[in-house]
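Scroll down for the structure; my scribbles are underneath it.
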Amino acid sequence: MTVDVDETLKRISNRKGVKAVVIINNEGQAIRSTLDHDLTKLYGQLISALVHQARTAVVALDDQNELTFLRVRTKKHEIMIAPDHEYLLVVVQNPTEVIQQ
29 MTVDVDETLK
39 RISNRKGVKA
49 VVIINNEGQA
59 IRSTLDHDLT
69 KLYGQLISAL
79 VHQARTAVVA
89 LDDQNELTFL
99 RVRTKKHEIM
109 IAPDHEYLLV
119 VVQNPTEVIQ
129 Q
């Protein structure tokens, strides 16, 4: 990964409400993360499985379509996932902090 990627991750991490940024490869292994090791590993496994399931569902509904973004909102967090062919960019934020801006 280049210096540009590190700068982009830092810029995203510094946005109000952002709690974590994780980059995951296709195997579910974290490449970069602002979380501790155990939580990073858990996010890698669970998010990659979720994205795989979402991709499968999108293609099953329309084989000419593909997943471009996935957003999951809970009471505590909002998880935004930008899938690419080789990596997943995951941003975890506190939605109430973002709304109060």
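Residues 29 to 129 (the working numbering) are what the sequence shown spells out, left to right. The beta carbon of each residue, even a glycine, is placed where N, CA and C say it ideally should be. Bear in mind the structure is a predicted one, so any value in this text is a computation, not a measurement.
Range covered by the alpha helix (DSSP H) that runs through residue i
| i | result |
| --- | --- |
| ARG83 | 65-89 |
| ARG101 | Taken as a continuous stretch (DSSP letters only), ARG101 belongs to no alpha helix (DSSP H), being part of the beta strand (DSSP E) at 98-101. |
| ARG39 | 31-41 |
Distance, residue j Cα to residue i Cα
| i | j | result |
| --- | --- | --- |
| GLN57 | THR96 | 20 angstroms |
| ALA48 | VAL118 | 8 angstroms |
| VAL33 | ILE51 | 10 angstroms |
| ASN53 | THR102 | 24 angstroms |
| THR62 | GLU94 | 28 angstroms |
| HIS65 | LYS44 | 23 angstroms |
| ASP112 | GLU125 | 27 angstroms |
| LEU67 | VAL86 | 28 angstroms |
Counted within 10 angstroms of its Cβ, other Cβ atoms place residue i as buried (16 or more) or exposed
| i | result |
| --- | --- |
| GLN121 | buried |
| VAL100 | exposed |
Identified DSSP bridge partners for residue i
| i | result |
| --- | --- |
| PRO111 | LEU116 |
| ILE51 | ARG60, LEU117 |
| THR106 | According to the sequence shown, residue 106 is Glu rather than Thr. Note: GLU106 sits in a beta bridge opposite ARG101, GLN121. |
**OP:** Would you be able to state if there are at least three C-beta pairs under 8 angstroms between the segment 105-118 and the segment 84-93?
**Re:** no
**OP:** Answer yes if the segment 71-78 comes into contact with the segment 32-43, meaning at least three C-beta pairs across the two stretches below 8 angstroms, and no otherwise.
**Re:** No, the segment 32-43 does not touch the segment 71-78.
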